[in-house]
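> The sequence shown begins at 86 in our numbering and counts up by one.
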Amino acid sequence: MLENNKPHSCWNCGKTLAGRSDKKYCDDNCRNEYFNRQKETERKEIRAIDLALKRNRRILKALFKEEKDTYVKEKVLQEKGFVFNYHTHHTITKAKQDEYLFCYDYGYRKTDEGVYRIIKAFA
Numbered sequence: 086m087l088e089n090n091k092p093h094s095c096w097n098c099g100k101t102l103a104g105r106s107d108k109k110y111c112d113d114n115c116r117n118e119y120f121n122r123q124k125e126t127e128r129k130e131i132r133a134i135d136l137a138l139k140r141n142r143r144i145l146k147a148l149f150k151e152e153k154d155t156y157v158k159e160k161v162l163q164e165k166g167f168v169f170n171y172h173t174h175h176t177i178t179k180a181k182q183d184e185y186l187f188c189y190d191y192g193y194r195k196t197d198e199g200v201y202r203i204i205k206a207f208a
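Encoded structure:
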């Protein structure tokens, strides 16, 4: 706890504070600005990842063919801007122990032939 006779300043704007010794901000606006600034970097990082995930889903959806198995070369995915580092979840099939990575409801896995199989969950 700060001493009552020692002046202290607002954590956001730096103005000298009057009143309670444990006061940290001038007002609610300063408090909100301080915390919004703290979270800004995190929001930018999350936004970039979210955009990559949504782009990946759009690419998988555009390439997926409902009526048959869909196989695509890695180069095709890369040319369309697919980012392999990001996926929402994964699952391993019980029968063959194949691991599928998902971007929301569209999944993919690299086959033994080096191409990617695309599937739709909940189909």
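Cβ coordinates follow ideal geometry from the N, Cα and C atoms, glycine included. Remember, predicted model here, so these are calculated numbers, not experimental data.
For G166, tell me which candidate among H93, C95, R143 has the shortest Cα-Cα distance.
For the purposes of this step, residue 166 is taken as the residue at position 81 of the sequence shown. Among H93, C95, R143, the Cα nearest to that of G166 belongs to R143.
> Grouping DSSP H, G and I as helix and E and B as strand, with all else coil, what is I204?
Mapped onto the sequence shown, residue 204 falls at position 119. It is a strand residue.
> Going by C-alpha to C-alpha distance, which of E118, E184, K181, E159 sits closest to Y201?
Here residue 201 refers to the residue found at position 116 of the sequence shown. Y201 has its Cα closest to that of E159, out of E118, E184, K181, E159.
> Please determine, among N97, Q123, K124, the residue with the shortest C-alpha to C-alpha distance to D112.
Within the sequence shown, the letter at position 27 stands for residue 112. Here the closest residue by C-alpha is N97.
> Can you tell me whether DSSP reads E184 as helix, strand or coil?
Reading the sequence shown from its first residue, position 99 is the one you call residue 184. In the structure shown, E184 sits in a strand (DSSP, three-state: E or B).
> Determine the direct distance from the alpha carbon of F187 to that of H93, and round the result to whole angstroms.
Counting from one through the sequence shown, the residue named residue 93 turns up at place 8. Counting from one through the sequence shown, the residue named residue 187 turns up at place 102. The alpha-carbon atoms of H93 and F187 are separated by roughly 51 Å.
> If you drop the 5 nearest sequence neighbours on each side, which residues of the same chain put their C-beta closer than 8 Å to that of D183?
Reading the sequence shown from its first residue, position 98 is the one you call residue 183. Excluding sequence neighbours, D183 sits near I177, R194.
> If I'm right that V161 touches N141 with Cβ under 8 Å, what's the distance once you round it to whole angstroms?
If you number the sequence shown from 1, residue 161 lands on position 76. If you number the sequence shown from 1, residue 141 lands on position 56. About 13 Å; that fails the 8 Å criterion.
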